[in-house]
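Protein chains in written order, with the working numbering: chain A, 88 to 199; chain B, 56 to 168.
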């Protein structure tokens, strides 16, 4: 079992819809969760991070964390064609320093 | 505000050649990382340096060596390049605190012929 799992997609949504991206992780001791966006040919850029159970909102983005079920999700409201990218979930692995494991990423396509 | 700077951006090597990928950060971060990204494989950690003076192997260290030259710089060396090392290489840095994110450089696209 991979430590961090994501559906590779592509996930296609119409412009203006809500895109829901999901990620599950295996280590129950994981403490920090990050979402990165990666455009084709570019480097990952941080969108959001979440540490506590529940929702965290930042503009059109909402991160949701459920530690009991070991999943974290990213909702993108009012999806735009410019949101088309691969979204990487990253999970902090318990240890004495900061090291994360990345999922393979979900490719999102927003259709105009 | 440069952040994490990687050089070169592109490189083509022949099998058996050696080269060093350079990475420098100006954010006073303690920890630095080298990843490779291959289609369908996601980001895989090659080596990391939790703090200046320390380096440790990641998930896929074979065929690579690293040097943490100082707090700012972390280099990755391929001693004898192989076609399997064709990939996109990313350097990243972080404060080293567990709840702080990593910041990535623009990447080096490396082809081994």
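Glycine included, C-beta positions come from ideal geometry on N, C-alpha and C.
Next on the checklist: Within 8 Å, do at least three Cβ pairs link the segment 138 to 154 of chain B to the segment 58 to 77 of chain B?
Outcome noted: yes
Next on the checklist: Can you confirm whether the segment 109 to 123 of chain A touches the segment 61 to 69 of chain B when touching is taken to mean that 3 or more C-beta pairs between the two stretches lie within less than 8 Å?
Outcome noted: no
Checklist entry - Going straight from the alpha carbon of residue 129 of chain A to that of residue 141 of chain A, what length do you get? => result 30 Å
Next on the checklist: Counting only beta-carbon separations shorter than 8 Å, does residue 116 of chain B have a partner in chain A?
Outcome noted: no
Item to check | Contacts that residue 131 of chain A makes with chain B (C-beta to C-beta distance below 7 Å) | outcome: 159
Checklist entry - Would DSSP call residue 101 of chain A helix, strand or coil? => result strand
Item to check | residue 135 of chain A, buried or exposed, once every other Cβ within 10 Å from all chains shown has been counted against 16 | outcome: buried
Checklist entry - In the DSSP assignment, what are the bridge partners of residue 111 of chain B? => result In the DSSP secondary-structure assignment, residue 111 of chain B is bridged to B/103.
Item to check | Closest Cα partner of residue 152 of chain B within the set A/148, A/199 and A/118 | outcome: A/118
Next on the checklist: I'd like to know whether the C-beta of residue 119 of chain A is nearer than 8 Å to at least one C-beta of chain B.
Outcome noted: yes
Checklist entry - Nearest chain B C-beta to residue 186 of chain A closer than 8 Å, yes or no? => result Chain B, which has a Cβ nearer than 8 Å to the Cβ of residue 186 of chain A, makes this yes.
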